[in-house]
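If you're matching positions, the sequence shown starts at 3 in the numbering used here and goes up one per residue.
Beta carbons: idealized from backbone N, C-alpha and C, even for Gly.
Quick caveat: nothing in here was measured; it's all calculated off a predicted structure.
Here's the structure we're looking at; comments come further down.
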Amino acid sequence: MDNQLIDAYGRSIEYLRLSVTDQCDLRCFYCMPKGFKDYQEPEHWLSFDEIERVMRIFGELGTKRIRLTGGEPLVRKQLPQLASRLAALPGIEDLSLSTNATRLSKHAVTLKQAGISRINVSLDTLKPERFTEITSGKLDKVLAGLMAAKAAGLYPIKINMVVMKGINDDEVEDIVAFCIEHGFTLRFIETMPVGDTGRNAADLFVDLKEIKQRLEQRFELVPGMMPGGGPARYSRVAGSDINIGFITPMSQHFCDTCNRVRLSVDGTLYMCLGQEHKFELRPLLRAGISDEELKTAIRHAINLKPERHEFNEKPEQVIRFMSMTGG
Ligand code: SAM
Ligand code: SF4
């Protein structure tokens, strides 16, 4: 079919994660090394025109959802302008953003006006000192950003918490209570061996089954659901609207339903978070490729998508940091 992308394993690819920068103003220790500055050169960044063109072509090939990510996407200047250009593309039904929220106070209203429908915010702890130990940043900025997003009407707001043994696993009940108070969806994530930073955090791995069992002692959890077809398995806290998602790439992978690919800031399509299969679009774009040739190139790339990640079997495999591909 002309207007859809089906990979070699029969999966329909209709979701694109677009990393608009590999830079970040935080240094979550499981994601990016302290002092890391080895970023892509600006001349390698896809321009907004190039991004819009590639997204338009993906839209013509059946992509319905785009998530802006990074690095920290709000570090890229004029991001709301890009958002409004992408929101206007035919076929794109859902434009969302993953952010650490440090800059949300300033941008929440403009992002909402630009067509961002919903956001995911990383928040691993509610303790200011611990937040600084984990991220090298300041918790109060993030909380202010979250409240600005809520006030701007961004909805749903999903909190992403990477649960780590001895670091923040004592806080899961507190974060659930925080999300109930503010009407946020919560997703727990298992640490993944992406880059040396992710591998160094492997000892901190917590199987989320244990976390769920623990939460069931305090909250009544009933089967839940969130629109969006993501990898989280949801439970709802009875008596509230709050859904809690468990994202378990390590203990129970979900590759057979994977519907996404990732485009990095330098125009490389990564076919899987946990594999090196990739295809470089930038040289083709800058060599003047036609739209039809671009479609053929993207179809070829989609065929390279591997069946599954091998985080457990080959944890040494992925060298790039999560911030380079977008989580
Ligand atoms: N800066 C934005 C943020 O933090 O939400 C977007 C990019 S960040 C790379 C996307 C997600 O990847 C975050 O939720 C982060 O917690 C997660 N992440 C980064 N490194 C990880 C790792 N080694 N294992 C599991 N999740 C990781
Ligand atoms: Fe930055 Fe997000 Fe990585 Fe933290 S997880 S260092 S906020 S890109």
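Item                                                                                            : Value
Residues near Tyr-157 by beta carbon distance below 7 Å, same chain, minus five either side     : Arg-120
Spatial distance of His-46 from Ala-240 (CA atoms)                                              : 49 Å
Per DSSP, the bridge partner or partners of Glu-282                                             : Thr-270
Gly-185 (DSSP reduced to helix, strand or coil)                                                 : coil
Endpoints, beta strand (DSSP E) assigned at Phe-248                                             : 245–249
heavy atom of the ligand SAM below 8 Å from Ile-191 C-beta                                      : yes
Neighbouring residues (CB closer than 7 Å to any heavy atom of the ligand SF4)                  : Cys-26, Leu-28, Arg-29, Cys-30, Cys-33, Met-34, Gly-72, Gly-73, Glu-74, Asn-102, Ser-124, Thr-137, Met-324, Ser-325 and Gly-329
Beta-carbon proximity of His-109 to Leu-84, cut-off 9 Å                                         : no
Residues near Cys-274 in its chain [Cβ-Cβ closer than 7 Å; skip 5 each side]                    : Lys-307, Pro-308 and His-311
First and last residue of the uninterrupted beta strand (DSSP E) at Met-163                     : 159–164
8 Å contact criterion, which Asn-5 and Glu-62 should meet: CB distance rounded                  : 7 Å
Alpha-carbon spacing of Thr-127 relative to Leu-28, whole angstroms                             : 14 Å
Gly-64 Cβ short of 8 Å to the ligand SAM heavy atom set                                         : no
Beta-carbon proximity of Ile-177 to Val-123, cut-off 9 Å                                        : no
Pairwise C-alpha distance: Cys-181 and His-279                                                  : 37 Å
Nearest-angstrom beta carbon gap, Thr-134 and Lys-143 [assumed within contact, 8 Å]             : That belief does not hold up - the Cβ atoms of Lys-143 and Thr-134 are roughly 11 Å apart, past 8 Å.
Residue ranges of each beta strand (DSSP E) within the segment 63–127, 3 or longer              : 67–71, 96–101 and 120–124
Beta-carbon proximity of Leu-97 to Gly-72, cut-off 9 Å                                          : no
Cβ shell of Ile-213 (< 8 Å), same chain only, five flanking positions each side left out        : Val-165, Asp-171, Val-174, Phe-190 and Phe-248
Closer than 8 Å: Asn-170 CB and nearest the ligand SAM heavy atom                               : no
Neighbour-count burial assignment, Ala-303, 16 or more Cβ in a 10 Å radius                      : buried
Best match in Ala-10, Glu-218, Gln-254 and Ser-21 for proximity to Tyr-272 [C-alpha to C-alpha] : Ser-21
Inter-residue Cα distance where the pair is Ala-289 and Leu-296                                 : 11 Å
Beta-bridge pairing of Tyr-11 - partner residues as DSSP gives them                             : DSSP, once it has assigned bridges, lists no residue as partnering Tyr-11.
Opposing strand residues paired with Ser-237 [DSSP bridges]                                     : Pro-225 and Ile-246
9 Å Cβ cutoff met for Thr-112 and Pro-82                                                        : yes
CA-to-CA distance, Pro-195 to Gln-254, given in whole angstroms                                 : 15 Å
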